[in-house]
Amino acid sequence: MIFNAMFYEGTLAILILIVYFYIEPKYQNSKEKGFFSFRTICNLIIMLPFAEFIIGFLLQSNQCSLTNKFCFAVPDIFRHTLWYDIFYLRVNDAGNGAHWLDYMFLPILFFITFWVTKDAFFSALNAGFMVFLHEVIWFITYWFEYFQYFKTEGWLNDIAFFILVCTIGFIGIKKYSKRYSWIWFYYGIAWYCVWILYWLFDFGLHVTVINNSNLGNSQQFLETIYYNNFSINALEVFSWIIIFTVFLVNILKLRRELNY
Numbered sequence: 002m003i004f005n006a007m008f009y010e011g012t013l014a015i016l017i018l019i020v021y022f023y024i025e026p027k028y029q030n031s032k033e034k035g036f037f038s039f040r041t042i043c044n045l046i047i048m049l050p051f052a053e054f055i056i057g058f059l060l061q062s063n064q065c066s067l068t069n070k071f072c073f074a075v076p077d078i079f080r081h082t083l084w085y086d087i088f089y090l091r092v093n094d095a096g097n098g099a100h101w102l103d104y105m106f107l108p109i110l111f112f113i114t115f116w117v118t119k120d121a122f123f124s125a126l127n128a129g130f131m132v133f134l135h136e137v138i139w140f141i142t143y144w145f146e147y148f149q150y151f152k153t154e155g156w157l158n159d160i161a162f163f164i165l166v167c168t169i170g171f172i173g174i175k176k177y178s179k180r181y182s183w184i185w186f187y188y189g190i191a192w193y194c195v196w197i198l199y200w201l202f203d204f205g206l207h208v209t210v211i212n213n214s215n216l217g218n219s220q221q222f223l224e225t226i227y228y229n230n231f232s233i234n235a236l237e238v239f240s241w242i243i244i245f246t247v248f249l250v251n252i253l254k255l256r257r258e259l260n261y
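Oh and the sequence shown: position 119 is 120 in my numbering, straight run, nothing missing.
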């Protein structure tokens, strides 16, 4: 399982590099128009996984069923409500993945960016760059707090994902740095860091799931004792809201400054 994850994320990082340094330049230089043009086909292919995120959310939304064991961890007042979708609904409908709302920010940011720029490659990278910015700062704080508990599999899983998001960050800085308002990003990063520090010092950086069999109670993406804690779920979700807001304002600033 560990080496499968490492192989998958390593292969994905290599494919992303190939796509953005070999196929993306051809996309940018393409002058063809029409439904079957190279540019249109690339747009549709890139859009598909982001559209799938939205469809998946709609299918799982407000589906806290008592046949799902993780629903028993959700307070009664939150079941079958919007609060469940925002703070408890998980991406794999098993309780041990990331919040669906966190994932939903990716297609939302992608489609807003595409609406502004009509550039599917930049739109996808912009969504990935949001993940990079969130995860790099998060990993540094997370490792600082939990390194003493980590086993080998926890380090390997996290480092493989860290390398993947850093690959996306490298592409974003290398190819698209002119499309980011860096002064605004510095403010956004500062707000996010303040939130993380508030989480660390007021809540001990407790999390709902963790890659660590010492602290969790299942095989992978382990649920902790804080899984049904509303405050911890809210802290996790709002950390993504902060970063999403930074990117949303940036793309709207880009639209105004470059007259897209």
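We put the beta carbon where it would ideally sit given N, CA and C, even for glycine.
Computed from a predicted structure; not experimentally measured.
Query - Local Cβ density within 10 Å of L59, reported as buried at 16 or more and exposed below that - result: exposed
Query raised in the report: Rounded to a whole number of angstroms, what is the C-alpha to C-alpha distance between W156 and F54?
Result: Approximately 28 Å, taken between the alpha carbons.
Query raised in the report: Where DSSP assigns a beta bridge to H100, which residues make up the other side?
Result: R91
Query raised in the report: Is A125 closer than 9 Å to G11 when the C-beta atoms are compared?
Result: Against a cut-off of 9 Å, the Cβ pair of A125 and G11 comes out as no contact.
**Report entry** First and last residue of the uninterrupted alpha helix (DSSP H) at V137
**Finding:** Start and end: A121 to Y147.
Query raised in the report: How long is the line joining the alpha carbons of L255 and I226, rounded to whole angstroms?
Result: 43 Å
Requested in this report: May I ask you to verify whether the region 242-249 touches the region 188-195, counting CB pairs closer than 8 Å and requiring at least 3?
Outcome: yes
Query raised in the report: Using DSSP with H/G/I as helix, E/B as strand and the rest coil, what is F37?
Result: coil
Query - CB-CB length for W139 against I197, believed under 8 Å - result: Taking C-beta atoms under 8 Å as the contact rule, W139 and I197 qualify, at a distance of about 7 Å.
Query - Exposure label - F123; buried when at least 16 CB within 10 Å - result: buried
Query raised in the report: Within this structure, are the beta carbons of F106 and G170 separated by less than 9 Å?
Result: No, the Cβ-Cβ distance between F106 and G170 is not below 9 Å.
Query - Three-way DSSP call (helix, strand, coil) for Y9 in this model - result: helix
Report task. Report the rounded CA-to-CA distance for L253 versus Q149, giving the unit in angstroms. Result -> 42 Å
Requested in this report: Round the Cβ separation of W185 and V250 to the nearest angstrom and send it over; I've been treating them as touching at under 8 Å.
Outcome: Rounded, the Cβ-Cβ distance is 7 Å, consistent with contact.
Query raised in the report: Which word fits Y21, buried or exposed, when buried means at least 16 other C-beta atoms lie within 10 angstroms of its C-beta?
Result: buried
Query raised in the report: Starting from F202 and walking both ways along the alpha helix (DSSP H), at which residues does that stretch end?
Result: W183 to F204
Requested in this report: Kindly list the residues whose CB is nearer than 6 Å to the CB of A128, restricted to its own chain and excluding five residues on each side of it in sequence; keep chain order.
Outcome: L107, L110 and F111
Query raised in the report: Are the Cβ atoms of Y89 and H135 separated by less than 9 Å?
Result: no
Query raised in the report: Terminal residues of the continuous alpha helix (DSSP H) containing K32?
Result: Premise fails: K32 is in no alpha helix (DSSP H) and is neither H nor E.
Query raised in the report: What did DSSP end up calling Y177 once you bin it into helix, strand or coil?
Result: Reduced to three states, the DSSP call for Y177 is helix.
Query raised in the report: If you compare alpha carbons, which of D86, P26 and K32 is closest to Y177?
Result: It is P26.
Report task. Would you identify the three-state DSSP class for Y85, choosing helix, strand or coil? Result -> DSSP, reduced to helix, strand and coil, places Y85 within a helical segment of the structure shown.
Query raised in the report: Which of helix, strand or coil does DSSP assign to N251?
Result: helix
Query raised in the report: In whole angstroms, what is the alpha-carbon distance linking S232 and Q29?
Result: 45 Å
Query raised in the report: Can the beta-carbon of L236 be found closer than 9 Å to that of A14?
Result: no
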